[in-house]
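Q:
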Amino acid sequence: MVATVPFAETRTLLKNISWQTFKTMLFEMGGERNSRLAYDNKIVEIMTPLMPHENSNRLIESYILVLCEEFGLEVKSTGSVTLTRDDLEKGGEPDSSYYIQNESLVRNKQNIDLAQDPPPDLVIEVEYSKSKIDKLSLYASMNIPEFWRYNGTVLRIYILLDNQYSEVELSPTFVPVPVKDMTQFLEESRKIGQLAAKRAFRAWVKQQISDSEHNNI
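Put into structure tokens, the structure is as follows:
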């Protein structure tokens, strides 16, 4: 079964796939590909991003790096790193992932093994079309503290509380900046260019931080 959203992404579902078969698929497909795989409850979803999907993903990443710079936070970008849990038979490849709070623990790591390494502190999924796999459940099972989901219009922020995600207004990593409002800069990039929008985003972040500091005096 294939669900297609024109010009955004394609999703292919494979059912009744064993965990070992999924692991074999990951090995045989290798890392030099643009598709992303997810596995849960014997279902494999293969998502192939098209240009709008990838453009949104790259823009969001550039804004996350701006946020880290302005907050003085070190970061390790791990992209669509393959995250698997053999004990749970679950796996996923987010559009983007980041180590921020735990960056120092994985700074020199070439591979991530969730059996011994902490999970990313933040993962991003761009979903112009709805995934057939419950990503909230999937990433919660991997104990990922923060999950952002962008559907082409709205950015939603979830944090892990009591082993499940709750939607929140502010990212705990970037308080007090209302990062959900970065969508206006994603839209603006289509009008003025992505570098101009990035500069505008940085100026906006600086102003949000300055206003908060002034209000706390």
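Mapping of the sequence shown onto UniProt numbering: position 79 corresponds to residue 79, and the numbering continues sequentially without gaps. Even glycine gets a Cβ: it sits at the ideal position worked out from N, Cα and C. Being a predicted model, the structure only gives us computed values, none of them experimental.
Determine the burial state of P119: buried for a count of at least 16 other Cβ atoms within 10 Å of its Cβ, exposed for fewer.
A: Walking along the sequence shown from the start, residue 119 turns up at place 119. That one is buried.
Q: Would you report the Cα separation of A3 and D134, rounded to the nearest angstrom?
A: Translated into positions along the sequence shown, residue 3 becomes position 3. Translated into positions along the sequence shown, residue 134 becomes position 134. Confidence in A3 is poor, its pLDDT being 42 and thus under 50, which makes the residue's placement unreliable; the coordinate value appears in the next sentence. Straight-line Cα distance between these residues: approximately 16 Å.
Q: Does the region 34-45 come close enough to the region 83-94 that 3 or more CB-CB pairs lie under 8 Å?
A: Counting Cβ pairs under 8 Å, three or more are found: they touch.
Q: Near R202, which residues of its chain fall below 6 Å by C-beta distance, leaving aside the five closest residues on each side in sequence?
A: Translated into the one-based positions of the sequence shown, residue 202 becomes position 202. If we look at R202 and ignore the five residues flanking it on each side, its Cβ neighbours are V66.
Q: Nearest-angstrom Cα distance between D40 and D86?
A: By 1-based counting over the sequence shown, the position of residue 40 is 40. By 1-based counting over the sequence shown, the position of residue 86 is 86. Cα to Cα, D40 sits roughly 11 Å from D86.
Q: Per DSSP, which one or two residues make a beta bridge with F71?
A: Along the sequence shown, one-based indexing puts residue 71 at 71. Answer by DSSP bridge pairing: none, since F71 is not bridged.
Q: Rounding to the nearest angstrom, what Cα-Cα distance links S80 and D121 in this structure?
A: Along the sequence shown, read from residue 1 onward, the residue named residue 80 stands at position 80. Along the sequence shown, read from residue 1 onward, the residue named residue 121 stands at position 121. Spanning the two alpha carbons is a distance of roughly 14 Å.
Q: Ends of the beta strand (DSSP E) at I192?
A: The residue labelled residue 192 in the question sits at position 192 within the sequence shown. Looking at the DSSP string, I192 is not in any beta strand (DSSP E); the run it does join, the alpha helix (DSSP H), is T183 to I192.
Q: Pair every Cβ in the region 183-198 with every Cβ in the region 124-132, then say whether three or more of these pairs are closer than 8 Å.
A: No, they do not touch.
Q: From the DSSP output, in three-state form, read off F22 for me.
A: Here residue 22 corresponds to residue number 22 of the sequence shown, with the count starting at 1. Note: F22 maps to helix in three-state DSSP.
Q: Assign D211 to one of three DSSP states: helix, strand, or coil.
A: On the sequence shown, position 211 is the one that residue 211 refers to. In the structure shown, D211 sits in a helix (DSSP, three-state: H, G or I).
Q: Which term fits S171, buried or exposed, when burial requires 16 or more other beta carbons within 10 angstroms of its beta carbon?
A: Position 171 of the sequence shown, counted from the first residue, corresponds to residue 171. Classification for S171: buried.
Q: Which residues does DSSP pair with F27 in a beta bridge?
A: For this step, residue 27 is matched to residue 27 along the sequence shown. F27 pairs with nothing; no bridge assigned.
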